[in-house]
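Let me begin by presenting the structure, written as structure tokens, before commenting on it.
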Amino acid sequence: MVRAQQWTGFEAAALQEAMRHSIREFAAVLGVETTTINNWRAGLSSVTPRSTTQAILDTTYQQRATPDDRARFEQIVAEGEAVWRGRHRSPLPSGTTAAQPSDVHVDTPPSDVGVTEEVLAVLARVQRLSRSINPEVVQQLQSSTLLSIAHYETNDPAALVPALKKQRDWLSELMDECGHPEQRRQLFETASETSGLLGYIAVGTGNFSTARAYCLESFHLGNHAQCGNLMAWARGIQSFCEYYAGQFDQALLYAEDGLTYAGAGPQNVRLAINGVARAKGQLGDTEGVHRAVDGANMMLSRNSAPAGVPSSISLDSYSAAQVAGNAATAYLSLGMPERVEEYVRQALPEMNDSNSPWGRSLVLIDLARSHVVSPEGDLDSAAHIMLDALDTARGTLMTQVRRRGSEFVRDAAARWGPTAQLQTIRDMMVSMNSSGLEHG
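Read left to right, the sequence shown gives residues 1 to 440 (UniProt numbering).
Here's what the structure looks like:
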């Protein structure tokens, strides 16, 4: 049910009463100050909440209020403001008048000296508990971080780093300042996503120590946010880090642990195919790869699989094309070129230079390498595919591209010896590596 009119302070107060929340509880649900709730209750119909708060009230009414809550809300609104005021007025006992502060006599023992450092310390702690951050600031931080994750495939990661580091430091300050439980949870979520992004970017530059630190922080921040999906997401990045660091046993452990946090959630597909299947491929576990690939496809059928190719670090599910691309990598590690080509054919049609240039580049490199390990492999075809892959990845110097490109040159040279085609690829790789150093 969507309300067709703006909220007034009276209706907001009516919703609080209908949902049977205290002022503090209702403030926590909405992510506003308790003083805001008090202002609504005092001003009622003469007060109009801000536009951002209007949207929050709509969401609360539609998604958090139960049918009984909404029925009580409609009844309170129908009764009107005067009835509400009468119900919430606190009449004085008969024959009494309100006392002014100067009229009050407090009978206290001589030992009570009034203001003390202890009293001030306790009151300061109470005040810290009630401190909150502007909800629009929290919302903007959340939305901009999610946008960076969603557009990661087409952004320049190096350009993101300075702002992400600054945001991560500021989030620490905000978490220290904020006493509002719901806002703190939201800040922990955004901090987890920010650290995860920084960790993922660090893997791409080969800075594994920094990547491990950020990924560990991301996992623990997700735990503080009490968000299993974020914890699974962070474990996926940790697995990704260890895979490219050559620690395949550790990559497998992180992926399998991540699956315990993912449950039936969207990260389970990514953990199964990008984590478990690829690590088992490097470890030579053929049956393990078969099971992981089949499991990922089964999970994909149960999730709301996105169309096309979402970000490789999306908080939502992998797509069918991403599952196929990672399956190709796993089977390449096992030396099974027919399986590689089968899955590449499934992945490539969905991947293009605009929606997933890096993903397309990596899939093409796997296809080129499958020609190297195939008995019928052809150097000219392999070199042509490899040059196409590097051209797609031009200007994007990720560890993934450099590592797999170097492996292609090594394996092709071992099979066919030094050739002009391989020298061209080697020169292009050197150029890409130099560009990577310039970009930090």
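Backbone N, C-alpha and C define an ideal beta-carbon position, used for all residues, glycine too.
Keep in mind the model is a prediction, meaning the values are calculated, not measured.
(message) If I measure Cβ to Cβ from Phe208 and keep anything under 8 Å in the same chain, skipping five residues before and after, which residues do I get?
(response) Ala202, Cys241, Tyr244, Ala245
(request) Inspect the beta-carbon positions of Gly275 and Tyr254 and report whether they are closer than 8 Å. (result) yes
(message) Closest to Arg126 by C-alpha separation, out of Glu173, Val137, Gly179, would be which residue?
(response) It is Val, not Arg, that sits at residue 126 in the sequence shown. Checking every option, the nearest Cα to that of Val126 belongs to Gly179.
(message) Beta-carbon within less than 7 Å of Glu338's beta-carbon, same chain only, minus the 5 sequence neighbours each way: which residues are those?
(response) none
(request) Let me know if Pro135 comes out buried or exposed under the rule of 16 or more other beta-carbons within 10 Å of its beta-carbon. (result) buried
(request) With a threshold of 16 other CB atoms inside 10 Å of the CB of Leu147, please say whether the residue is buried or exposed. (result) exposed
(message) Quick check for students: name the residue ranges of the alpha helix (DSSP H) that lie wholly in the region 386 to 417, counting only runs of 4 or more.
(response) As far as the region 386 to 417 is concerned, its whole alpha helix (DSSP H) runs of at least 4 residues are 399 to 416.
(request) Along the alpha helix (DSSP H) that carries Thr194, what are the first and last residues, could you check? (result) 181 to 204
(message) Which residue wins for smallest C-alpha separation from Ala412, given the options Thr399, Arg345, Asp378?
(response) The candidate whose alpha carbon is nearest that of Ala412 is Asp378.
(request) Give a yes or no on contact between the region 155 to 173 and the region 4 to 11, applying the rule of three or more CB pairs nearer than 8 Å. (result) no
(request) Using 10 angstroms around the beta-carbon of Pro310, count the other beta-carbons present and answer buried if the total reaches 16, otherwise exposed. (result) buried
(message) Just to confirm before moving on: does the CB-CB distance between Val401 and Leu364 stay below 8 Å?
(response) no
(message) Using the Cβ count rule (16 or more neighbours within 10 Å means buried), how would you classify Gly31?
(response) buried
(request) Would you kindly work out how many angstroms separate the C-alpha atoms of Arg20 and Ile56, rounded to a whole number? (result) 18 Å
(request) Evaluate Gln183 with the Cβ neighbour count: other Cβ atoms within 10 Å of its Cβ, from every protein chain shown; 16 or more gives buried, anything less gives exposed. (result) Around the Cβ of Gln183, a 10 Å sphere holds 16 or more other Cβ atoms; the residue is buried.
(message) Whether or not the region 34 to 49 and the region 60 to 72 are in contact is what I'm after, with contact meaning three or more pairs of Cβ atoms, one per stretch, closer than 8 Å; do they touch?
(response) no
(message) Checking 8 Å against the spacing of the C-beta atoms, do Ser218 and Ser239 come in under that value?
(response) Taking 8 Å as the Cβ cut-off, Ser218 and Ser239 do not qualify as a contacting pair.
(message) Using only the alpha-carbon positions, how far apart do Thr424 and Ser370 sit?
(response) 19 Å
(request) Count the C-beta pairs between the region 294 to 302 and the region 344 to 360 that are closer than 8 Å, then say yes if the count reaches three, no if not. (result) no
(message) Whole angstroms are fine: how far does the CA of Gly325 sit from the CA of Ile23?
(response) Ile23 and Gly325 have their C-alpha atoms roughly 52 Å apart.
(request) Alpha carbon to alpha carbon, how far is Ala12 from Arg41? Give it in angstroms, no decimals. (result) 8 Å
(request) Tell me whether Ala82 is buried or exposed, calling it buried when 16 or more other Cβ atoms sit within 10 Å of its Cβ. (result) exposed
(request) Give the single residue among Asn39, Ala420, Glu173, Val372 whose Cα lies nearest to the Cα of Arg404. (result) The residue with the shortest Cα to Cα distance from Arg404 is Val372.
(request) Enumerate, from N- to C-terminal direction, the unbroken alpha helix (DSSP H) stretches of 4 or more residues contained entirely within the region 257 to 319. (result) 267 to 270, 278 to 282, 286 to 302
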